[in-house]
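Just so you know, the sequence shown maps onto residues 1 to 352 in full-length UniProt numbering.
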Amino acid sequence: MLKHRHGGDIYEVSYRIDYSANINPLGTPESVVKAAQKSILDCAHYPDVDCRALRRALAEKENMEPEQILCGNGAAELIFAMVQAEKPQRALLMAPGFAEYEQALRANGCEIRYYELKKEHGFRYQTDYKKMLTEDLDMIFLCNPNNPTGLLIPKEEMLEIFQICLEKKIRVVLDSCFIDFLEQEKEAEYTGYLDDYPNLFILKAFTKIYAMAGLRLGYGMSRDKRLLERMKNVVQPWSVSIPAQAAGVAALQETAFVHRSAKMVQEERIWLKKQLQNMNLWVCDSQANYLFFEGTEDLSEKCRKEGILIRDCSNYHGLRKGYYRIAVRTRKENEELVQVFRKILKPAERRN
1 MLKHRHGGDI YEVSYRIDYS ANINPLGTPE SVVKAAQKSI LDCAHYPDVD CRALRRALAE
61 KENMEPEQIL CGNGAAELIF AMVQAEKPQR ALLMAPGFAE YEQALRANGC EIRYYELKKE
121 HGFRYQTDYK KMLTEDLDMI FLCNPNNPTG LLIPKEEMLE IFQICLEKKI RVVLDSCFID
181 FLEQEKEAEY TGYLDDYPNL FILKAFTKIY AMAGLRLGYG MSRDKRLLER MKNVVQPWSV
241 SIPAQAAGVA ALQETAFVHR SAKMVQEERI WLKKQLQNMN LWVCDSQANY LFFEGTEDLS
301 EKCRKEGILI RDCSNYHGLR KGYYRIAVRT RKENEELVQV FRKILKPAER RN
């Protein structure tokens with residue numbers, strides 16, 4: 001069961017603070033909640049199967065045509081739809097990386113190759129990745145910033161990857177679900193390159209920045225309209241509910257909320273990382289709304305006894321027991337987490 005277990009599984013254990021899911025600690029904007037609540041009055045009707053109002057709002061935000069956007073029941077549905085529509089025979093994944101890519105590929109009988117990120121390089125992308133972009137590949141998945149490390153691929157490297165894949169006819173799926181939390185968001189934004197790279201599909205979601213995990217809403221963008229049509233044909237109709245569509249339209253108006261959230265998370269990430277390092281824990285140089293670090297093998301179990309849930313990363317490919325990911329939350333919550341860590345970790349157990 002651990003193989004595909006994610007963070008945010010709060011339904012089997014009692015807890016005080018959930019650090020296992022990387023959700024905006026400021027919560028769901030009030031306007032989004034109200035829009036979802038109001039839309040319940042329309043629940044006697046089927047949802048708009050084409051998400052027209054939502055796609056128009058997204059097109060304005062992303063500066064593209066609505067026809068270049070496909071909405072889904074969370075980013076996960078679109079990951080599975082991509083694989084089902086394209087039916088890749090061979091795919092390349094970075095490891096560690098988000099488990100949903102592997103799950104979707106294996107469900108469709110795809111051969112998976114891994115580029116393993118190494119601790120001796122701080123789990124950073126290395127240029128030798130490009131050597132693995134061979135002509136027999138059909139698809140690659142990239143997460144930028146990466147989950148669980150929170151690290152970015154340098155822009156010049158990313159564009160070179162796009163070009164190599166274009167020349168070798170490799171589909172590029174770029175997961176940008178955490179981009180809104182970045183201090184230098186433009187350095188990781190590639191929607192402006194979609195016209196240059198028809199092999200590129202960019203994935204985003206409302207889950208993290210708008211704290212809408214329970215409503216399930218994601219979207220993908222590509223200039224390849226035939227790809228989007230193939231993807232649409234393999235998902236069930238009406239997968240995006242009326243409340244999710246209404247909440248999405250309302251969320252896109254919350255620009256001030258997004259800026260405020262990103263600023264707070266950036267400040268708290270720096271503070272929290274320093275506290276972990278002061279305990280002699282190895283911490284990855286994340287730029288996202290979470291921190292990836294190495295601790296003792298029983299840390300998650302001990303934290304759970306204290307009412308704190310953290311993400312055990314041992315089910316990521318290439319990682320062993322003792323690697324963890326924690327969300328960045330409010331200062332009060334982060335102070336409580338640090339107190340729990342100090343209580344649990346004896347000086348001799350703190351790793352360099």
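We put the CB at the ideal spot given by N, CA and C, even for glycine.
Small disclaimer: the values here were computed from a predicted structure and weren't measured.
Taking PHE292 as the centre and dropping the five residues before and after it, the same chain places the C-beta of PHE123, PRO148, THR149, GLY150, VAL283, CYS284, SER286, CYS313, TYR323, TYR324, ARG325 closer than 8 Å to its C-beta, in chain order. In this structure, the straight-line span from the alpha carbon of ASN73 to that of GLU116 is close to 30 Å.
Here DSSP, grouped into helix, strand and coil, assigns GLY27 to coil.
If you draw a straight line from the Cα of LYS332 to the Cα of ALA250, it is about 29 Å long.
Put simply, the backbone Cα of GLY220 is about 12 Å away from that of GLU65.
Under the three-state reduction of DSSP, ARG325 is assigned to strand. If you check the CB distance, ASN24 and LYS208 come in under 8 Å. The alpha carbon of ARG55 has as its nearest neighbour, out of HIS45, TYR46, ILE69, the alpha carbon of ILE69. Assignment of beta-bridge partners to LYS204 by DSSP yields TYR219. By a beta-carbon distance limit of 8 Å, GLY318 does not contact ALA104. Their separation comes to about 18 Å.
Per the coordinates, the alpha-carbon of VAL33 lies some 11 Å from the alpha-carbon of GLY214.
For CYS71, the pairing in a beta bridge is given by DSSP as TYR219.
In the same chain as PHE257, and ignoring 5 residues on each side of it, the C-beta atoms closer than 7 Å to its own belong to PRO29, in chain order.
DSSP places CYS43 outside both helix and strand once states are collapsed to three, so it counts as coil. Counting only residues of its own chain and dropping the five nearest sequence neighbours on each side, LEU194 has a CB closer than 8 Å to the CB of MET64, GLN68, LEU200, ILE202, MET221, SER222, ARG223. Scanning GLY248, LYS155, THR134, VAL83 for the CA closest to the CA of CYS51 turns up GLY248.
The secondary-structure analysis by DSSP pairs TRP282 across a beta bridge with GLU294.
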